[in-house]
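**Q** In the working numbering, the protein residues as written are 273 to 412. No residue lacks a Cβ here, since even glycine has one placed at the ideal position from N, Cα and C. Please read through the structure below; I'll follow up with questions.
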Amino acid sequence: MSSILILIDHEAGKISKTAGELATFARRAGSVTGVILANPGAGNGLSSQLSSISLDAAVIVEDDSFSRHGIPAAVDALAQVIKAKNPTAVLIASSARGKEIAGRVAIRVSGGVITDAVDFTSELTTMQSVFGGSFNVKAR
273 MSSILILIDH
283 EAGKISKTAG
293 ELATFARRAG
303 SVTGVILANP
313 GAGNGLSSQL
323 SSISLDAAVI
333 VEDDSFSRHG
343 IPAAVDALAQ
353 VIKAKNPTAV
363 LIASSARGKE
373 IAGRVAIRVS
383 GGVITDAVDF
393 TSELTTMQSV
403 FGGSFNVKAR
């Protein structure tokens, strides 16, 4: 069984809807661990919102550098979690912030990155819609 990490986005103390969507996709491939990167004191409040999301485990990283240094601090923390957990794949929401984190983390851990996936199978194959939806591409 594969082990999948998902980066759980949040804003203003609320977990993003993408967390549940990523967990649903990840569940197809195996066990799901959610990763929350939060400022000190915010982790418990955010983790209490995870009850409706199908996770096997959660990793809460609290550090004040997330508010001071933004994406570089998030990349450092997520790379450390990836190195410690050694997941089969990491799913990150397809937002501008998510894409930047994904690209930087992939370089940091010598991994690959697939952006804008619209589907994810149990065999860890993704489906992407490209050229304005003219073609569907499978990638692994």
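#1: Sort out for me which residues DSSP pairs Glu283 with in a bridge.
#2: List the endpoints of the continuous beta strand (DSSP E) containing Glu334.
#3: Figure out for me which residue from Thr305, Gly342, Leu363 and Ser288 has the closest Cα to the Cα of Ala389.
#4: With a CB to CB cut of under 6 Å and the five nearest residues on each side skipped, what residues in its chain are close to Ile332?
#5: Unbroken beta strand (DSSP E) runs of length 3 or more, entirely within the segment 301-328: which are they?
#6: Whole alpha helix (DSSP H) runs in the segment 350-411 with 4 or more residues, listed along the chain?
#7: Within 9 Å of any Cβ in chain D, is that where the Cβ of Glu334 sits?
#8: Taking the CB atoms as reference points, tell me whether Gly302 and Ser275 lie closer together than 9 Å.
#9: To the nearest angstrom, report how far apart Glu283 and Lys357 are at their CA atoms.
**A** Let's see:
#1: Lys286
#2: Ala329 to Glu334
#3: Leu363
#4: Ile308, Gly315 and Ser319
#5: 302-310
#6: 368-380
#7: Among the chains in the structure shown there is no chain D, since it carries only a single protein chain.
#8: yes
#9: 25 Å
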